[in-house]
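Undergrad: Take this structure, written in structure tokens, and hold onto it; I'll ask about it next.
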Amino acid sequence: VRELRNALERAFILSGATIEASDFDVLRDGAPRPENVLAIPRGATIADAERAVILAAMEDAGGNKRRAAAALGISIKTLYNRLHDYGEYGAADYLR
Numbered sequence: 001v002r003e004l005r006n007a008l009e010r011a012f013i014l015s016g017a018t019i020e021a022s023d024f025d026v027l028r029d030g031a032p033r034p035e036n037v038l039a040i041p042r043g044a045t046i047a048d049a050e051r052a053v054i055l056a057a058m059e060d061a062g063g064n065k066r067r068a069a070a071a072l073g074i075s076i077k078t079l080y081n082r083l084h085d086y087g088e089y090g091a092a093d094y095l096r
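Quick note on numbering: this note's numbering labels position 62 of the sequence shown as 62, and the sequence is numbered without any gaps.
Below, the structure is given as structure tokens:
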């Protein structure tokens with residue numbers, strides 16, 4: 001609701017008397033693109049979501065742990081610990 005209110009206020013300020021659909025281009029440009037969205041199933045635990053995010057970061061970084069840790073904003077040690085925890089769940093390729 002707050003985002004909608006802000007969007008309407010911004011459109012009103014920028015457009016003047018009449019708000020048109022084109023006044024909302026800022027929202028479309030800032031919207032996440034489907035290829036940049038990670039789907040976490042409803043009902044997933046926080047641990048499941050964390051695992052999915054970490055493994056996606058590892059994939060995006062081409063397996064480079066330092067780049068993945070930097071992108072996630074965590075230490076390399078934390079990343080190693082998480083990958084070790086996920087070892088039997090698909091992270092074994094990244095433990096080398």
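Every residue gets a Cβ at the ideal spot worked out from N, C-alpha and C, and that includes glycine.
Note that the structure is a prediction, hence the values are computed from the model and not measured.
#1: To the nearest angstrom, report how far apart alanine 61 and threonine 18 are at their CA atoms.
#2: Indicate whether the contact test is met: 3 or more Cβ pairs, each with one atom in the stretch 61–81 and one in the stretch 36–48, closer than 8 Å.
#3: Would you call the CB atoms of isoleucine 54 and leucine 38 closer than 8 Å?
#4: Of the residues Asn6, Arg82, Glu59, Arg2, which one's Cα is nearest the Cα of glutamate 104?
#5: Note down the Cα distance separating leucine 27 from glycine 63, rounded to an integer number of angstroms.
#6: Return the CA-CA distance between tyrosine 80 and arginine 10, expressed in angstroms with no decimal places.
#7: Helix, strand or coil for isoleucine 74? Go by DSSP, reduced to three states.
TA: Judging by the given coordinates:
#1: Numbered from its first residue, the sequence shown carries residue 61 at position 61. Numbered from its first residue, the sequence shown carries residue 18 at position 18. Annotation: alanine 61 to threonine 18 spans about 46 Å, alpha carbon to alpha carbon.
#2: No, because fewer than three Cβ pairs between the stretch 61–81 and the stretch 36–48 fall closer than 8 Å, the two stretches do not touch.
#3: Here residue 54 refers to the residue found at position 54 when the sequence shown is read from its first residue. Here residue 38 refers to the residue found at position 38 when the sequence shown is read from its first residue. No, the pair does not count as a contact, with Cβ atoms beyond the cut-off.
#4: For the chain, the structure presents residues 1 to 96; residue 104 sits outside this window and is missing.
#5: Taking the first residue of the sequence shown as position 1, residue 27 is located at position 27. Taking the first residue of the sequence shown as position 1, residue 63 is located at position 63. Low local confidence applies: a pLDDT of 49 at leucine 27 is under 50, so the model's placement there is unreliable, with the coordinate-based value given in what follows. Near 33 Å, if we compare the C-alpha coordinates of glycine 63 and leucine 27.
#6: The residue labelled residue 80 in the question sits at position 80 within the sequence shown. The residue labelled residue 10 in the question sits at position 10 within the sequence shown. Distance between the alpha carbons of tyrosine 80 and arginine 10: 44 Å.
#7: Walking along the sequence shown from the start, residue 74 turns up at place 74. In the structure shown, isoleucine 74 sits in coil (DSSP, three-state: anything other than H, G, I, E or B).
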